[in-house]
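Each remark here refers to the structure printed beneath this line.
Residue numbers (the working numbering): 21 to 197.
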């Protein structure tokens, strides 16, 4: 009985310390930019899902585990979008989501700015990435903003192509309790 009581108290304490949030797809933005024949092509992804545990006073317990739906790629050109969903690019038929899981979150010298380290999985490839982000509190939760770059070839996206290898991603994630 004593073990059950202690376990219940620890679970209650953990739920108070570990503020859990869900990313809200409506109002959030996952945007990307890549050069195609020297011209910037912008796009976006939707279908955010996952769990975010964030309390700036307890970063040792903070974590991000989020996905985005690969089938939602939108560049405002349906022919290009259909092409990006094919095997050579995102292979959305086999790999439905792109997945990010944090491994560590640390502070920065700037107010409300943090660094996240983690693993990004696109298709069947997982790579370590890190980037700075801001966390702005609201009544309902947080808005997280960050930018990072990846090499598309590191994730076997696009093959030998006329598009740039460098892809920039911009995040504006609304997360509510």
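By construction, the Cβ of each residue, glycine as well, lies at the ideal position given by its N, Cα and C atoms.
task: Could you have a look at residue 29 and say whether DSSP puts it in helix, strand or coil?
output: With a pLDDT of 45 at residue 29, under the threshold of 50, the predicted position of this residue should be treated as unreliable, and no value is reported.
message: Distance check for residue 158 and residue 105, CA to CA, integer angstroms please.
response: 35 Å
- prompt: Identify the residues that DSSP records as bridge partners of residue 195: which are they?
  reply: 43 and 162
- prompt: Where do the ends of the beta strand (DSSP E) carrying residue 119 lie?
  reply: 117-127
Residue 186 classed as buried or exposed, judged by whether at least 16 other C-beta atoms fall within 10 angstroms: exposed
- request: State the Cα-Cα distance for the pair residue 112 and residue 181, rounded to the nearest angstrom.
  value: 19 Å
- request: Could you name the residues of the same chain whose beta carbon sits closer than 7 Å to that of residue 37, not counting the 5 residues immediately before and after it, in chain order?
  value: Since pLDDT at residue 37 reaches only 49, below the 50 mark, its modelled position is unreliable, and the value read off the structure follows with that caveat. So the list reads 75, 78 and 81, once near-sequence residues are dropped.
- prompt: Is it true that the CB of residue 193 sits closer than 9 Å to the CB of residue 61?
  reply: no
query: Helix, strand or coil: how does DSSP classify residue 132 here?
result: coil
- request: Excluding the 5 residues preceding and the 5 following residue 84 in the sequence, name in chain order all residues of the same chain whose CB lies nearer than 6 Å to its CB.
  value: 72 and 122
query: Roughly how many whole angstroms lie between the Cα atoms of residue 69 and residue 87?
result: 5 Å
query: Taking C-alpha atoms, which residue in 167, 91 and 126 lies nearest to residue 143?
result: 91
- prompt: What are the boundary residues of the beta strand (DSSP E) that includes residue 89?
  reply: 83-94
field: Euclidean distance between Cα positions of residue 109 and residue 178
entry: 5 Å
task: Go ahead and pull the three-state DSSP assignment for residue 174.
output: helix
- request: Could you name the residues of the same chain whose beta carbon sits closer than 7 Å to that of residue 128, not counting the 5 residues immediately before and after it, in chain order?
  value: 134, 135 and 152
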